[in-house]
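Worksheet for the structure shown next.
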Amino acid sequence: MAKSKKNKRNLAEKVRHGKSTQEVKNNPFEIRINRQKHHILGKKISKHAKGLPGVSRSKAIKKRKDTLLKEYQQRHKANKFIDKRFGENDPTLSVEEKMMQRFAFERQRTHSKEAIYQLNEEEELTHYGQSLADVEKFEDTQLASDDEEDDGNLGAKYVAEEHFGGFLTRKKAESTKEENTKPKSRQEILDEVIANSKKDKYERQHQKEDMLNLTEKLNKDWQAVSTLISFSKRKKSTVENKPTADDYDVTVRELMFDMKAKATDRMKTPEEVAREAKQRLDKLEQDRQRRMLGITEEEQEARRKVGHQSADDLNDGYALEAVSKTALSYKDGKPINMDMFGSQAKKGQSVNAEGEDQDDDNVQDDEEEDDENDEDGEDEGSDDTDNDDEFEDNHSDLESDDAESDSEEETSTAQPSISNEMRETIRKSAKEELPYTFKAPGNYEEFMDLVGGQSHSNQFLIVERIRTCHHPSLAKGNKDKLDTLLTILLRYFGDVVNLESVRMEFLDGLTKHIYELTAQSSLHAGQCMQALIADRHQQFEEEAERRGRGVYPGLDMLLYFKLVGALFSTSDFRHAVVTPAMLFMGQILSQCPVRTYRDVASGLFVCSLFLKYIRLSKRFVPEVINHLRGLLFLAADKEPGRIYNVIPPFKPVGRYIDLLRLQSNSDKVTRNMKVKPQRILEVLSQAEPRELETDEFRCWALHATLSLLSEFATLYAGLASAPEIFDPVRRWLEAKHIPVERYPEDVEELHGSLLGQLTSLSVRPKPHLQREKKRPQPLPMFEPKIEEDYDPVRKKRKNAGSAKNEKQRLLHNYKREMKGAIREIRKDAQFLAREKIKEQMERDSERKEKVKRIHQLLAGQEGDYQATKRGRINLK
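With the UniProt record's numbering, the residue at position 305 of the sequence shown is 305, and numbering never jumps.
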């Protein structure tokens, strides 16, 4: 059955109305589609492939208007209401919980601090110092003051008379006395009650004071008796029942009496130590200056008590001194107490010529030393100016003999005078004593003036005191002075070595001061030592050019080489001082032929220094091995007519090739010799070179050569070329050119051990050159690699659980968030810039409208004015 027209019309209307009511959700021109370069079958389309930039932009602008724009508009406003009530901004709390928090806060704020330590006690509320529990019924008629101790209760008499219990008796008494007495008013009754309460209060205070006095008295009596009672009880208890102490009690008592760690003073800084040492030396020097004047310590104290009088002093506070009434006594016609009157007898007289000359000499010497101290003090500071002035006042007045006699009179009257012999002994001992402060020497001559004629110990003491008085922390120019002192000591070190009476202990002490000064100024020390080595090297080359051969340097230069190793680091790859010194030493070993026994000792000393230099760095020095091999050649027996292979500076022929060969014909004598260690200072300081021409020295030289070869073989054992380095020495020892059976047993044993050591080096196999072993690469396979968890959407990652991938992931997220933050900040800035421009345009338009209205108003006024003016003209 076909549909009717009515039904068709209704259906069409529904469709038409439905189409008209349907709205377009998105503008097709605002849709952005991220197209793919290649279409991949089965790949899911990402949600970011299609975007709505217009919608996103409108949402972002709306969000900024709700947040950023409001903050911008309220930037200058301060009338914000912030609700800071507890829990008001916490939606999770109910009303009851909020009230409980506020109540707890109020209780905590009013709670006293002392209640923190009161546990399990109820809080007691008070009013005016009185508990509210007592006055809760409000029965107290009057409140006690703060200084009253009354509890607020009424007396029994008042209750009996004024309350209901006693009004009848009072009425009878009043009836009997009403004719004679007048009844009291209520005000009088209250005054009487107040007076009685004050009287009771005074009596209670008096009783309390008596109680306190009695308690103090009992406490004092108890302290006097308690010791006796405790001692008697303790004695009785120990006698009656003495408990036995177990191990625990013994340990506890030991811990009680154990020494506890106590706090000590802080460690002083080097500047503080130097300052205290300088002050100590200044004080000792002042004491020495005083003793040089013959002034005792008691006399010095007496002078200090007199005090200094200023120019404004009127001297009106004087006091008369007590005059001694002791009479002069005689025995056998001679005075026996003449010393007591010595000062009076000397007054007005001149001293003897001898004592005057001696005093003048002492004073002049003291002035010279004071001048030196003053010059030195200009750089160090003005710490001792007061003391120097004091000494100048004591001995600078030399114009007349009366002044000296007056000073002696003051000394004798202030303190009991000492004899002239004792005073002269004090002066002489102080003058012979070494000064405690010295002026820093400016050149080598001034230093020699200070240490010249002094013993070795005094020289060390002088250098130490110079360093103490001129520590760099005491004054600004002291560092330069100590640098000059270091230069002087380096030169003095070389001069002392060349003396015949020098001892190694003195050189060691001098090296200590040089080392400490080098630690304070390493740069200056390096420059000085470098200049010294360069100067000596130039002299060496000039001497070699003049003679045509090198000459071993003197003992001073050899000890300078040893000093370099003690002052500077020898393990550096290159050093400004050590490297030139090693080059110089190598040149000595390679260019100086061995012609004397001193040359042998010098060469062995240089080789031992090389061993100390390279012990850590293990640097290869070919000159040392060649020199030691040459010394073995000098000690060997040579076959006549045979030419041996030796390397210069050693020669296969000549009169010096048997320098270390034993000369004794008796093997028994040389066999029984003992190899004693030789000191380079004793060997090279021999008066005559022929004193070294002994078989004992030859045995020592061979023993030292073999020992050094053994040390170098151990040091170079790690080198790949060690067998080739020591192969000539090994073949020389195997050939038995040296008759070790004639030498002492120590030399023979050392010869055998060295031969075995070098043989073990020669038989050590060497690794051949080989190609680098690489892992064989597998052949390429054409079988497909199947991954079970393959995902075409997600990017493939290797070792997803490794730390490297996690770091890359975090770094990627960081970069993405950083870019997003920068982009949002830039958009916020653009939004604020638009808003600022909009506000500026609104202000400008408003201003233009206002100016326009003002112009219109002024134009109207001007028109009215002109019209009025024209009207007046017409009227005229």
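Positions of the beta carbon are idealized from the N, C-alpha and C atoms, including for glycine.
Residue 592 is positioned such that its CB atom lies no closer than 7 angstroms to that of residue 656. DSSP, reduced to helix, strand and coil, places residue 32 within a strand of the structure shown. Counting along the chain, residue 53 sits inside the alpha helix (DSSP H) bounded by residues 53 to 66.
Residue nearest to residue 749 within the set 276, 733, 761 and 763 is 733 (criterion: CA-CA distance). In the DSSP secondary-structure assignment, residue 50 is bridged to 33. The three-state secondary structure of residue 863, taken from DSSP, is helix. Annotation for residue 723: 761 and 762 place their beta carbon closer than 6 angstroms to its own, counting only its chain and skipping 5 residues before and after.
Judged by their CB atoms, residue 488 and residue 515 are not nearer to each other than the 7 angstroms cut-off.
Under the DSSP assignment, residue 773 falls outside any alpha helix (DSSP H); it carries neither an H nor an E label. With fewer than 16 other beta carbons inside 10 angstroms of its own, residue 279 counts as exposed. Rounded to the nearest whole angstrom, the C-alpha separation of residue 459 and residue 451 is 6 angstroms. Distance between residue 210 and residue 185, taken at the CA atoms: about 38 angstroms. Boundaries of the alpha helix (DSSP H) around residue 505: 504 to 520. CA-CA distance, residue 56 to residue 78, rounds to 34 angstroms. A Cβ-Cβ distance of about 5 angstroms is found for the pair residue 680 and residue 605, placing them in contact under the 8 angstroms criterion. Around the C-beta of residue 282, 16 or more other C-beta atoms lie within 10 Å, and the residue is accordingly described as buried. With the rule of 3 Cβ pairs closer than 8 angstroms, the stretch 622 to 640 counts as touching the stretch 695 to 709. Between the alpha carbons of residue 586 and residue 505 lies a distance of about 28 angstroms.
DSSP places residue 213 within a helical segment (H, G or I) once states are collapsed to three.
The three-state secondary structure of residue 634, taken from DSSP, is helix.
In this structure, DSSP gives residue 267 a state outside helix and strand, which the three-state scheme calls coil. The stretch 512 to 532 makes contact with the stretch 567 to 579, as at least three CB pairs between them are under 8 angstroms. Contact between residue 564 and residue 577 holds, since their C-beta atoms are separated by about 6 angstroms, short of 8 angstroms. In the structure shown, residue 438 adopts coil according to DSSP, grouped into three states.
Judged by DSSP in its simplified three-state form, residue 93 adopts coil rather than helix or strand.
Collapsing the DSSP output to three states places residue 621 in coil. Taking the Cα of residue 437 as reference, the smallest distance to any Cα among 284, 613, 841 and 59 is reached at 284.
When the beta-carbon positions are compared, residue 581 and residue 625 stay at least 7 angstroms from each other. Under the DSSP assignment, residue 483 falls in the alpha helix (DSSP H) whose first and last residues are 478 to 497. Selection 58, 39, 34 and 51 evaluated against residue 827 yields 58 as nearest (Cα-Cα). Each residue's CA atom was taken as its position, placing residue 76 and residue 70 some 11 angstroms apart. In the three-state reduction of the DSSP assignment, residue 825 falls in the helix class, which pools H, G and I.
Put simply, the stretch 707 to 720 does not touch the stretch 663 to 679. Fewer than three CB pairs are less than 8 angstroms apart. Taking the CA atoms as reference points, residue 296 sits about 53 angstroms from residue 684. Under the three-state reduction of DSSP output, residue 584 falls in the helix class.
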